[in-house]
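Right, one structure below, let's go through it.
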Amino acid sequence: MTVLSAANGHHSVSGVFDAERPFEINGVVTEVEWINPHIYLHLEVTDADGEITRWQLETAPTAFMRKAGITKAMLEGDGTPVTVTGIESHTLPNVGWIRRITFEDGRYFQISAS
2 MTVLSAANGH
12 HSVSGVFDAE
22 RPFEINGVVT
32 EVEWINPHIY
42 LHLEVTDADG
52 EITRWQLETA
62 PTAFMRKAGI
72 TKAMLEGDGT
82 PVTVTGIESH
92 TLPNVGWIRR
102 ITFEDGRYFQ
112 ISAS
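Residue numbering for the sequence shown is 2 to 115, as defined by our numbering.
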C-alpha cells in the first residue's frame, strides 16, 4: 500500500487527483489521521470474492470538517461502515480525494465538488 505523507504539504486537488476518474466505494474505516493541512481516512474495502483492498483517502482540513459537522469521533477507525465518493489519484492506486461520505444510517456530508 502506498502511503501519502502529511509532510507533502498543501497542494492543489487537481494537481494530485483526477476529476475524470470518479469512484464510489463501500468500506470500513480502519484509521483516521485528523491532522492539518488535510485529514486522511483509511478504508478497507471487501470485494465480492472477499478480497480486501486498502484505500487512503484525503479530505478537507480539520476546521472545515468541524464546521461541516463532522468530528473525528464520527470517523474513528473502529470499523465504521461508510460509502465514499470521490476522485482517484493521477498516479497512485487506491488513493483518492473525498467528495462525499455517507454513513450506514443514511446521514451524508458533501465535502467538496472537486
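Ideal Cβ positions, reconstructed from N, Cα and C, are used throughout, including at glycine.
Distance between beta carbons of residue j and residue i, contact taken as under 8 Å
i	j	result
His39	Ala20	Contact doesn't hold; Cβ gap of about 17 Å is too wide.
Val83	Ile112	About 12 Å separates the two Cβ atoms, so there is no contact after all.
Ser90	Val30	No, Ser90 and Val30 are not in contact; Cβ-Cβ is about 19 Å, not under 8 Å.
Ile71	Phe104	About 10 Å separates the two Cβ atoms, so there is no contact after all.
Within 8 Å, strictly: CB atoms of residue i and residue j
i	j	result
Val85	Ile26	yes
Glu59	Ile88	no
Leu76	Leu42	yes
Lys68	Val33	no
Gly80	Trp56	no
Asn95	Thr54	yes
Residue environment, residue i, which counts as buried when at least 16 other CB atoms sit within 10 Å
i	result
Asn9	Residue placement at Asn9 is flagged as unreliable, the pLDDT there being 42, under the threshold of 50; a coordinate-derived value is accordingly withheld.
Ser6	The pLDDT assigned to Ser6 is 37, lower than 50, so where the model puts this residue is not dependable; a value taken from the coordinates is nonetheless given after this. Burial call: exposed.
Gly51	exposed
Gly107	exposed
>> Please give the ranges of any alpha helix (DSSP H) in the segment 22-83, keeping only runs that are unbroken, at least 4 residues long and fully inside the region.
In response: 63-68 and 73-76
> Where in the segment 85-109 do unbroken runs of the beta strand (DSSP E), each at least 3 residues long, occur, reported from the N-terminal end onward?
Replying inline: 96-104
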